[in-house]
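Participant: I'd like to ask some things about the structure below.
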Amino acid sequence: MCECSKIHLYEVEFKLDGMVVVPTHKNCGFALDEKQSDKFQKELVKSWGFEDEEE
Ligand SMILES: [Zn+2]
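First residue of the sequence shown: 118, per the numbering used here; consecutive thereafter.
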């Protein structure tokens, strides 16, 4: 499990594990914990522009 304190969205790789997307930290190669996964999935959706305005 990734224990890095600072992770940026661009360092996160969304790997597909069966039917489940597993956000993985590229820098250390470990999967993010549940709380971080949730956060980054939301950020990913935001980055696609489905949620609120961009800068
Ligand atoms: Zn990490």
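Ideal Cβ positions, reconstructed from N, Cα and C, are used throughout, including at glycine.
Please read all numbers here as calculations on a predicted model, not as lab measurements.
Between the Cα of W165 and those of S122, L126, M118, spot the shortest distance and give me the residue it belongs to.
Facilitator: Counted from its first residue, the sequence shown places residue 165 at position 48. Nearest neighbour of W165 by Cα position, chosen from S122, L126, M118, turns out to be L126.
Participant: Just checking H142 against ligand 1 - is the residue's beta carbon closer than 7 Å to any of the ligand's heavy atoms?
Facilitator: Counting from one through the sequence shown, the residue named residue 142 turns up at place 25. Correct: H142 has its Cβ closer than 7 Å to ligand 1.
Participant: Output the distance between the C-alpha atoms of E120 and K152, rounded to the nearest integer angstrom.
Facilitator: Counted from its first residue, the sequence shown places residue 120 at position 3. Counted from its first residue, the sequence shown places residue 152 at position 35. If I take the Cα positions, the gap works out to 12 Å.
Participant: Quick one: grab the DSSP three-state call for V120.
Facilitator: For the purposes of this step, residue 120 is taken as the residue at position 3 of the sequence shown. Note that residue 120 is Glu in the sequence shown, not Val. Reduced to three states, the DSSP call for E120 is coil.
Participant: Keeping to the same chain, check which residues put their C-beta closer than 7 Å to that of E69; ignore five residues upstream and five downstream.
Facilitator: Residue numbering for the chain in the displayed model covers 118 to 172; residue 69 lies beyond these limits and cannot be assessed.
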